[in-house]
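Trainee: Supplied in structure tokens, the structure appears directly below.
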Amino acid sequence: MLLHLDDDRSRKRSTGGSLPETLLSSALDASASGVLIAECGDSGIRIVFANRTLAERTGHSREELLGRDFAVFCGPRTIRSTIERLDDAARCGRSHREMLLAYSRDGTPFWADFTLSPAHGSEQAGGHMVATLDPVDHKQRAERTGDALPFHDGLTGLLNRPALEREIDYFLSRGLPPGSLPVLLLLDIDHLGAINHIMGHAAGDRVLWEFSSQLDSIFQGDAIIARIGGDEFGVFLPALEEASQVFGYIDRILKLFDTPYTPRPGHRTFLTASIGVSALDRPADRASLLLQQAALAQSHAKDSVRNSYFVFEEELDRRSRDRAALRLDLCNALERAEMELHFQPQVNARTRSICGLEALLRWNHPELGLLGPDVFIPVAEETGLIIELGAFALREACRYNHSLIERRLLDVPVAVNISQTQLVRESFFNEVMEALEETGLAADRLELEVTESMVMDTMSRARAQLGSLKEQGVRIAIDDFGTGYSNLGYLKMEPVRTLKIDKTFIHEVTRQSSDAGIVRAIIAMAHNLDMSVVAEGVETESQASFLQRNRCDVLQGFYFNKPLTCRDLENHLHDVQRGQAGESAATEGKRTLLLVDDERNILRALARTLRSTEYRILQATSGDEALDLLAREEVHVIISDQRMPEMTGIELLRRVKDIYPDIVRIILSGYTELATVTNAINRGSIYRFLTKPWQEKELREHVEEAFRHFDANTAGREQGAGRDNAGQ
Ligand code: C2E
Ligand code: CA
Ligand code: CA
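Residue numbers (numbering that gives the first Met the number 0): 0 to 727.
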């Protein structure tokens, strides 16, 4: 409300038609607004008149107000630049309007709409000003701000970003009172975009609006609060006495998010916030720096758990500076040919021969050395360079795999990791097809690894592209399976052929029954859906044999190979070929029999009896030695003595049954401990029980029959499982 009071006293006095002063002053008193008249002179802006409303609102008596500077309404948290702007306007005789944090006489802060206009009606320096002061609640504050108040946010009525920076700089330029600790909080409401998207912008606005009034009530004028971006708020606490106070505030802010937000009846949603904290310890700092540091801390909070805060530290700063440098270097890495692919073999779980390769990016950084993708993929995602990197990995993997096949070194599919950014591009299908055409690689020698969330999140285009690629023969695998969605419905719709169980489940699979259960369930489910299963992160033989026993098709992990350079891979392939050549000369068409007895002469005699061109014979003198051998060699039939010092034959065969259920197990014993033997037979641990001394012919017949039994068993099972991935 602008009060245009004709204040030309000389005119009033001389004109008979003018209003009497008493009428004027009682009219002013009756006004619902607090009104004051101030005189601007060299000594400042002095109040010469205050109406009753103003006195009531502020708790001052009218007499008290007379002669005081109008800044009498300002208090410790009143925004300084606001006062300066008002001051300025008054001195120049300009109309002006501000949202002011005013104080009543007893120190209670309240927000007020403060207007100022020249009493004589025209703008000129000096003279009298009329001011009105109307307390506003938060809602009114939001309504009243707008174009008229360029330093305020139109929606919430809070300060905007430039205003916040000005305020901070103003405080800093004055020098900090000793012992005080200025702190800046940057708050970001997570997922507001989703609310806007699903429930409409009005709902999103309401969230912002409610949140800003909640902030007001938490800080009660102790802070300068600003809305500095869509869903971002800045809170500047100019004079905390103790660092611990800030955590009290943060606690209260985060607690706001404990209750669900109900935009309209029947809709409930939980929001979270990420808070970055930056405290100022060097007086030379500026607002921009404080904001930068708080933003960095905030993005760190966002990366960790939701509804959390993070306090800026130098270390964080250093890391982010490293990241910035990395970003620059990454731009040039492809041009400078610093990127290369390493290949990690995948092996058939049963035969342990290589049945696939996964291509993994490495960056040969000129100063930092060889960097893994965990360091640079996130940077590449941020900068969009992932498109070029991904295209490089795809093409290079196709090219190299084609050359392995051409050179008859290896003929298996190569798996390439695809990022979300690549997959959602319209041109993705064509890029893959071009890579295949240009390198000459057959489509079924390429597998694309995508993650669950990528097939879930991305709209039908990504799915359609994967579907078309599958039609062309390209294989699709779900990477890191088990870590993403619990809704598995998508699996039956997707052109997925392979599930890769995430390494976190494999790590403890032999120790944690929950992990073992999950892994078994994934394998069973995948097989029911006609998919093959890859376990990654296999680091020990016991993990490998557990997975093999549970019919996992393919194994990948350090136990077999680390990711290898092309050169190391080729050396390894040559070794394998040589080994296989040597082995296959000796084992071609041959089955393997393992004999276990603690007495060496018996072992020797047995071996003599069973010597055959049909199978090869391995020997072990204890249960442990036998288990070691079994981990290394493929065995089809085992004959074990029963009485051995550390581990009895039946105990050994019970373990063999668990780990290698296909091996045909025979006990050869000089003693007829009927109870034990019957028990073992009944539990299926052993296939035959034979007695010493043996009849040579009979023993040979038993062994031959055991091999036939093995063949019949495994053939039956292979028919049951209709997959070819593991069979490469
Ligand atoms: P990923 O797809 O899950 O790849 C498997 C990671 O497990 C690889 O890490 C591999 O070195 C590691 N690994 C293999 N065996 C074992 C093991 O026995 N134990 C343990 N602890 N780890 C094992 P790497 O090479 O550091 O790659 C990390 C991630 O970077 C990959 O995870 C993949 O998501 C991403 N990545 C790698 N290359 C590319 C690429 O060309 N494009 C895209 N978009 N992402 C890539
Ligand atoms: Ca992968
Ligand atoms: Ca993985």
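Don't be surprised by glycine CBs; every beta carbon is placed ideally from N, CA and C.
State the Cα-Cα distance for the pair alanine 225 and leucine 35, rounded to the nearest angstrom.
Mentor: Translated into the one-based positions of the sequence shown, residue 225 becomes position 226. Translated into the one-based positions of the sequence shown, residue 35 becomes position 36. If you take the alpha carbons of alanine 225 and leucine 35, they lie about 29 Å apart.
Trainee: If you drop the 5 nearest sequence neighbours on each side, which residues of the same chain put their C-beta closer than 6 Å to that of glutamate 357?
Mentor: Against the sequence shown, residue 357 aligns to sequence position 358. Once the five neighbours on either side are set aside, the close Cβ partners of glutamate 357 are Gln343 and Ala414.
Trainee: Is there contact between the stretch 510-524 and the stretch 540-556, where contact requires at least three CB pairs shorter than 8 Å?
Mentor: yes
Trainee: Assign tryptophan 362 to one of three DSSP states: helix, strand, or coil.
Mentor: Position 363 of the sequence shown, counted from the start, is the residue given in the question as residue 362. Three-state DSSP puts tryptophan 362 in a strand.
Trainee: Measure the C-alpha to C-alpha separation of threonine 713 and aspartate 661 and round it to an integer number of angstroms.
Mentor: As a first step, residue 713 must be located in the sequence shown, where it is residue number 714. As a first step, residue 661 must be located in the sequence shown, where it is residue number 662. So the two alpha carbons sit approximately 7 Å from each other.
Trainee: So, at 7 Å on beta carbons, what are the nonlocal neighbours of phenylalanine 48 in its own chain, with the 5 sequence-adjacent residues on each side left out?
Mentor: Looking up residue 48 in the sequence shown gives position 49. For phenylalanine 48, where only same-chain residues beyond five positions count, the Cβ hits under 7 Å are Leu35 and Ile36.
Trainee: Say the cut is 6 Å; is the CB of glutamine 347 nearer than that to a heavy atom of ligand 2?
Mentor: The residue labelled residue 347 in the question sits at position 348 within the sequence shown. Reading the sequence as shown, one finds asparagine at residue 347 and not glutamine. Asparagine 347: no, Cβ never under 6 Å from ligand 2.
Trainee: In chain order, what residues of the same chain lie with their CB nearer than 6 Å to the CB of alanine 147, ignoring the 5 residues before and after it?
Mentor: Here residue 147 is taken as the residue at index 148 of the sequence shown, counted from 1. Unreliable positioning characterises alanine 147 in this predicted model, as indicated by a pLDDT of 47, which lies under 50. The coordinate reading is nonetheless provided below. Hits under 6 Å: Arg96.
Trainee: Check each residue's C-beta against every heavy atom of ligand 2 and list, in chain order, those closer than 6 Å.
Mentor: Glu357, Asn416, Glu448 and Asp478
Trainee: Please find out if some non-hydrogen atom of ligand 1 comes closer than 6 Å to the beta-carbon of leucine 359.
Mentor: Start at 1 with the first residue of the sequence shown, and residue 359 comes out as number 360. Under cutoff, so the answer is yes.
Trainee: Whole angstroms are fine: how far does the CA of isoleucine 385 sit from the CA of threonine 420?
Mentor: Here residue 420 corresponds to residue number 421 of the sequence shown, with the count starting at 1. Here residue 385 corresponds to residue number 386 of the sequence shown, with the count starting at 1. Rounded to the nearest angstrom, the two C-alpha atoms are 7 Å apart.
Trainee: Which residue from Leu115, Ala332, Cys397 and Arg631 puts its Cα closest to that of arginine 90?
Mentor: In the sequence shown, counting from the first residue as 1, residue 90 sits at position 91. Nearest of Leu115, Ala332, Cys397 and Arg631 to arginine 90, Cα basis: Leu115.
Trainee: Entirely within the stretch 37-111 and at least 3 residues each: give me those beta strand (DSSP E) ranges in chain order.
Mentor: 43-49 and 95-102
Trainee: Please report the Cβ distance between threonine 503 and aspartate 478, rounded to the nearest whole angstrom; I am assuming they are in contact, meaning their Cβ atoms lie under 8 Å.
Mentor: To locate residue 503, count along the sequence shown from 1; it is residue 504. To locate residue 478, count along the sequence shown from 1; it is residue 479. In fact, because the Cβ distance is near 13 Å, the residues do not count as touching under 8 Å.
Trainee: Just to confirm before moving on: does the CB-CB distance between leucine 388 and alanine 379 stay below 7 Å?
Mentor: Counting from 1 along the sequence shown, the entry for residue 388 is found at position 389. Counting from 1 along the sequence shown, the entry for residue 379 is found at position 380. Going by C-beta atoms, leucine 388 is nearer than 7 Å to alanine 379.
Trainee: Would you say the stretch 531-541 touches the stretch 563-570, given that touching needs at least three Cβ pairs under 8 Å?
Mentor: no
Trainee: Using a threshold of 7 Å, state whether the C-beta atoms of alanine 118 and valine 129 are closer than that.
Mentor: Sequence index remark: in the sequence shown, residue 118 carries index 119 (1-based). Sequence index remark: in the sequence shown, residue 129 carries index 130 (1-based). Yes. Within cutoff.
Trainee: Using a 10 Å radius around the Cβ and a threshold of 16 neighbouring Cβ atoms, would you call lysine 499 buried or exposed?
Mentor: For the purposes of this step, residue 499 is identified with residue 500 of the sequence shown, where counting begins at 1. Classification of lysine 499: buried, given that the 10 Å Cβ count is 16 or more.
Trainee: Alpha carbon to alpha carbon, what distance is there between leucine 99 and valine 182?
Mentor: Residue mapping note: residue 182 aligns to position 183 of the sequence shown, counting from 1. Residue mapping note: residue 99 aligns to position 100 of the sequence shown, counting from 1. So the two alpha carbons sit approximately 22 Å from each other.
Trainee: Using 10 angstroms around the beta-carbon of aspartate 230, count the other beta-carbons present and answer buried if the total reaches 16, otherwise exposed.
Mentor: Mapped onto the sequence shown, residue 230 falls at position 231. Classification of aspartate 230: buried, given that the 10 Å Cβ count is 16 or more.
Trainee: Around the Cβ of alanine 201, are there at least 16 other Cβ atoms within 10 angstroms (buried) or fewer (exposed)?
Mentor: Within the sequence shown, the letter at position 202 stands for residue 201. That one is exposed.
Trainee: Return the residue from the list Val411, Leu528 and Ser402 that minimises the CA-CA distance to glycine 439.
Mentor: One-based indexing of the sequence shown puts residue 439 at position 440. Among Val411, Leu528 and Ser402, the Cα nearest to that of glycine 439 is on Ser402.
Trainee: Opposite tyrosine 260 in the DSSP bridges: which residues?
Mentor: Taking the first residue of the sequence shown as position 1, residue 260 is located at position 261. Its beta-bridge partners are Thr268.
Trainee: Is the separation between the beta-carbon of glycine 66 and that of threonine 52 shorter than 7 Å?
Mentor: The residue you call residue 66 lines up with position 67 of the sequence shown. The residue you call residue 52 lines up with position 53 of the sequence shown. No, they are not a contact pair.
Trainee: Excluding five sequence neighbours on each side, which residues of the same chain lie with their C-beta closer than 8 Å to the C-beta of phenylalanine 269?
Mentor: In the sequence shown, the residue the question calls residue 269 occupies position 270. If we look at phenylalanine 269 and ignore the five residues flanking it on each side, its Cβ neighbours are Phe256, Pro259 and Tyr260.
Trainee: Below 7 Å between beta carbons: does that hold for alanine 434 and arginine 474?
Mentor: In the sequence shown, the residue the question calls residue 434 occupies position 435. In the sequence shown, the residue the question calls residue 474 occupies position 475. Taking 7 Å as the Cβ cut-off, alanine 434 and arginine 474 do not qualify as a contacting pair.
Trainee: Quick check: does the Cβ of proline 377 come within less than 6 Å of any heavy atom belonging to ligand 1?
Mentor: Looking up residue 377 in the sequence shown gives position 378. Not under cutoff, so the answer is no.
Trainee: Under 8 Å by Cβ, that's how I've got phenylalanine 709 and valine 663 pegged, so tell me the actual separation to the nearest angstrom.
Mentor: To locate residue 709, count along the sequence shown from 1; it is residue 710. To locate residue 663, count along the sequence shown from 1; it is residue 664. Cβ atoms of phenylalanine 709 and valine 663 come within 8 Å of each other, at about 5 Å.
Trainee: Do leucine 667 and aspartate 627 have their CB atoms nearer than 7 Å?
Mentor: By 1-based counting over the sequence shown, the position of residue 667 is 668. By 1-based counting over the sequence shown, the position of residue 627 is 628. For leucine 667 and aspartate 627, no; Cβs fall outside 7 Å.
Trainee: Tell me which same chain residues have a C-beta within less than 8 Å of the C-beta of serine 60, skipping the five on either side of it?
Mentor: Here the question's residue 60 lines up with position 61 in the sequence shown. Counting only Cβ-Cβ distances below 8 Å, and skipping sequence neighbours, we find Ala54.
Trainee: For ligand 1, any of its heavy atoms closer than 6 Å to the Cβ of proline 562?
Mentor: As a position in the sequence shown, residue 562 is number 563, starting the count at 1. Answer for proline 562: yes, Cβ within range of ligand 1.
Trainee: Nearer than 6 Å: is that true of the beta carbon of serine 544 relative to any heavy atom of ligand 1?
Mentor: Position 545 of the sequence shown, counted from the start, is the residue given in the question as residue 544. For ligand 1, not one heavy atom lies less than 6 Å from the Cβ of serine 544.
Trainee: Expressed to the nearest angstrom, what Euclidean distance is found between the alpha-carbon atoms of serine 42 and aspartate 68?
Mentor: Working through the sequence shown from its first residue, we reach residue 42 at position 43. Working through the sequence shown from its first residue, we reach residue 68 at position 69. Near 9 Å, if we compare the C-alpha coordinates of aspartate 68 and serine 42.
Trainee: Work out the CA separation of valine 245 and serine 211 for me, nearest whole Å.
Mentor: Position 212 of the sequence shown, counting from 1, holds the residue named residue 211. Position 246 of the sequence shown, counting from 1, holds the residue named residue 245. Straight-line Cα distance between these residues: approximately 18 Å.
Trainee: So what's glycine 556 in DSSP terms, helix, strand or just coil?
Mentor: Along the sequence shown, read from residue 1 onward, the residue named residue 556 stands at position 557. Residue state for glycine 556 is assigned as coil, using DSSP reduced to three classes.
Trainee: Enumerate in chain order the residues of its own chain whose CB-to-CB distance from threonine 608 is below 8 Å, with the five nearest sequence positions on each side excluded.
Mentor: Taking the sequence shown and counting its residues from 1, the one referred to as residue 608 is at position 609. Correct list, in chain order: Trp693, Glu695, Leu698 and Arg699.
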